[in-house]
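Notes to accompany the following structure.
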Amino acid sequence: MKKNLIYLILIVIIGVIAFVPGVKEKLQDTFFPVATIENAVHVSDEDYDIDLQGINVPSTNLKAFKDKAVFLNFWGTWCPPCRKEWPSIQKLYDTRKDHVDFVLIAMNDQEDAVRKFLKENNYNVPVYIAQSPISEKILPKVFPTTYLLDKNGRIIIKEDASRDWNTESVHQFIDNIIK
């Protein structure tokens with residue numbers, strides 16, 4: 001009887017985490033504010049060499065962001081989790097754009113679809129489409145994938161899932177790496 005009660009309680013807890021909106025994100029933010037810290041991985045000069053066609057900003061090369069803190073996000077208009085995290089990225093951009101460079105690269109997308117998505121939602125975070133190959137080191141395997149790079153090109157955060165980027169822990173983390 002006691003064993004069955006324990007199993008029932010565990011099933012209820014797992015159900016709450018899995019099915020109640022916001023619980024999983026709150027627990028993740030509380031206990032794991034940084035999804036993955038990749039202290040040993042650096043983005044090399046060759047990895048930065050990606051020609052970027054600007055959609056709502058001038059075209060450039062990712063090398064222009066070398067030696068700067070960068071919020072690098074790979075996403076697509078066709079990707080529901082990518083679309084879900086956009087409002088939080090916009091809010092983070094609005095408050096941190098003076099301290100971190102934002103580079104959002106639309107993958108497997110048409111320029112017209114990206115422009116339409118940005119216009120319909122009034123987003124102004126800098127968006128690009130890659131015009132040259134992306135290094136295997138940072139090429140995403142799933143979407144969205146986000147990296148936070150420090151000024152030395154070290155990957156501080158790698159998140160390969162949708163998340164709320166406008167949380168206190170993310171703001172504090174950014175404040176700490178730009179010091």
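Position one of the sequence shown corresponds to residue 1 (UniProt numbering), numbered consecutively onward. Note that beta-carbon positions come from the ideal geometry of N, C-alpha and C, so glycine has one too.
field: In chain order, each alpha helix (DSSP H) run of at least 4 residues that lies wholly inside the region 100-162
entry: Whole alpha helix (DSSP H) segments, 4+ residues: 111-121.
message: Does the contact criterion of 3 or more C-beta pairs under 8 Å hold for the region 47-64 versus the region 131-144?
response: Between the region 47-64 and the region 131-144, the count of C-beta pairs closer than 8 Å reaches three or more; the two stretches touch.
message: Can you check which of these residues, Thr95, Asn108, Arg115, is closest to Thr167 by C-alpha distance?
response: Residue numbering aside, residue 167 sits at position 167 when the sequence shown is read from its first letter. Minimum Cα-Cα distance from Thr167 among the listed residues Thr95, Asn108, Arg115 corresponds to Thr95.
message: Between the alpha carbons of His42 and Lys66, how many angstroms are there, rounded?
response: Residue mapping note: residue 42 aligns to position 42 of the sequence shown, counting from 1. Residue mapping note: residue 66 aligns to position 66 of the sequence shown, counting from 1. A direct Cα-Cα distance of roughly 12 Å separates His42 from Lys66.
query: Taking contact to mean at least 3 C-beta pairs separated by less than 8 Å, is the region 6-14 in contact with the region 77-97?
result: Segments in contact, no.
query: Could you give the residue range of the alpha helix (DSSP H) that holds Leu92?
result: Within the sequence shown, residue 92 is the residue found at index 92, counting from 1. Unbroken alpha helix (DSSP H) run through Leu92: 80-96.
- request: List the residues that DSSP assigns as beta-bridge partners of His42.
  value: For this step, residue 42 is matched to residue 42 along the sequence shown. Beta-bridge annotation (DSSP): His42 is paired with Arg154.
task: Can you tell me which of the three DSSP states Ile14 falls into?
output: For the purposes of this step, residue 14 is taken as residue 14 along the sequence shown, with counting starting at 1. Ile14 falls in the helix class under three-state DSSP.
message: Within 8 Å, do at least three Cβ pairs link the region 141-155 to the region 122-129?
response: Touching, no, given that fewer than three Cβ pairs across the two stretches are closer than 8 Å.
- prompt: For Asn56 versus Leu118, is the C-beta distance shorter than 8 Å?
  reply: By one-based count along the sequence shown, residue 56 stands at place 56. By one-based count along the sequence shown, residue 118 stands at place 118. It is a contact, given that the beta carbons lie within the stated cut-off.
task: Could you name the residues of the same chain whose beta carbon sits closer than 6 Å to that of Asn61, not counting the 5 residues immediately before and after it, in chain order?
output: Within the sequence shown, numbered from 1, the residue matching residue 61 stands at position 61. Taken in chain order, the residues that qualify are Asp51.
Rounded separation between Val100 and Asn122 - CA only: If you number the sequence shown from 1, residue 100 lands on position 100. If you number the sequence shown from 1, residue 122 lands on position 122. Computed Cα separation, rounded: 21 Å.
message: Excluding the 5 residues flanking Cys82 on each side, which residues of the same chain have their C-beta closer than 8 Å to its C-beta?
response: As a working mapping, residue 82 is identified with position 82 in the sequence shown. Result list for Cys82: Trp75, Gly76, Phe143, Pro144, Ser162, in chain order.
task: In the DSSP assignment, find the beta strand (DSSP E) that holds Asp49 and state where it starts and stops.
output: The count along the sequence shown starts at 1 and reaches residue 49 at position 49. Taken as a continuous stretch (DSSP letters only), Asp49 belongs to no beta strand (DSSP E), as it is neither H nor E.
task: Consult DSSP for Val70 and reduce its assignment to one of helix, strand or coil.
output: Numbered from its first residue, the sequence shown carries residue 70 at position 70. The answer is strand: DSSP assigns Val70 an E or B state.
query: Of the residues Lys137, Asn176, Arg115, Ser88, which one's Cα is nearest the Cα of Asp45?
result: Position 45 of the sequence shown holds residue 45. Considering only alpha carbons, the answer is Lys137.
With 16 other Cβ atoms within 10 Å as the buried cut-off, status of Phe102: Counting from one through the sequence shown, the residue named residue 102 turns up at place 102. By the C-beta density criterion, Phe102 is buried, having at least 16 other C-beta atoms within 10 angstroms.
query: By the 10 Å Cβ neighbour count, where 16 or more other Cβ atoms means buried, how is Met107 classified, buried or exposed?
result: Residue 107 sits at position 107 when you count from the first residue of the sequence shown. Buried, by the Cβ-count rule.
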